[in-house]
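Numbering (the numbering used here), first residue to last: 10 to 225. Where is the CB? At the ideal position from N, CA and C, for every residue including glycine. Structure record follows, encoded as structure tokens.
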């Protein structure tokens, strides 16, 4: 049997090794992004219910960054869309059924770019929410910012390193710690999502060139 001189470049050993790496990477990145996306949504939902009660959401006494819900649409939905596709394609390639997946690799790269933008938006808004501090009920006259007790943002200065100032907020109880923990979690989650989405963009581009399946 005479071998054909017109073998496709995708069947070369180097291309097969890259394709195997692309498939394995997708099967790791996809589930990780799924878990992070769900964690982002959960953290943002908790921000809307300080102390586990809906009272302050109904009254409109929730900080504007929490109400913007960046963890739901930014670090959540856009990331979950990409993660679902990446996971499905990655594990389909494990069985090597329907291996013509350069188109899937391209879609994966596009969705990962959207996930990167969503995670970046979540990171920025969460950072602003952490810096501004929570909306709370406090005595403005004690801080020279007005008269009486009112709902506002009492922390104009950096309050994160001085926990003694956290008692400024009278209601909701423990709102400062609540916001600090959850916004910090969103920052960490969205930063990790950006790293993984960037990795998957590169992975998808390699998949477009070399294929996206193992064992062709």
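If contacts are defined as beta-carbon pairs under 8 Å, then residue i and residue j qualify, I think. What distance do you get, rounded to the angstrom?
i	j	result
residue 99	residue 35	3 Å
residue 189	residue 139	7 Å
residue 214	residue 118	6 Å
Would you kindly report the start and end of the unbroken alpha helix (DSSP H) that includes residue i?
i	result
residue 144	It is not in any alpha helix (DSSP H) - residue 144 carries neither H nor E in the DSSP assignment.
residue 66	64-68
residue 77	Counting along the chain, residue 77 falls outside any alpha helix (DSSP H), and DSSP gives it neither H nor E.
CB residue i to CB residue j, shorter than 8 Å?
i	j	result
residue 170	residue 142	no
residue 57	residue 45	no
residue 122	residue 210	yes
residue 206	residue 125	yes
residue 39	residue 95	yes
residue 149	residue 136	no
If you compare alpha carbons, which of the options is closest to residue i?
i	options	result
residue 144	46, 38 and 68	68
residue 204	132, 75, 71 and 112	132
residue 113	125, 128 and 92	92
residue 53	195, 149 and 90	195
residue 127	95, 149, 86 and 39	86
residue 55	72, 43 and 39	72
residue 51	198, 181, 208 and 207	198
residue 166	159, 212 and 175	175
residue 47	168, 80, 74 and 76	80
Assuming residue i is part of the beta strand (DSSP E), what are its boundary residues?
i	result
residue 159	158-161
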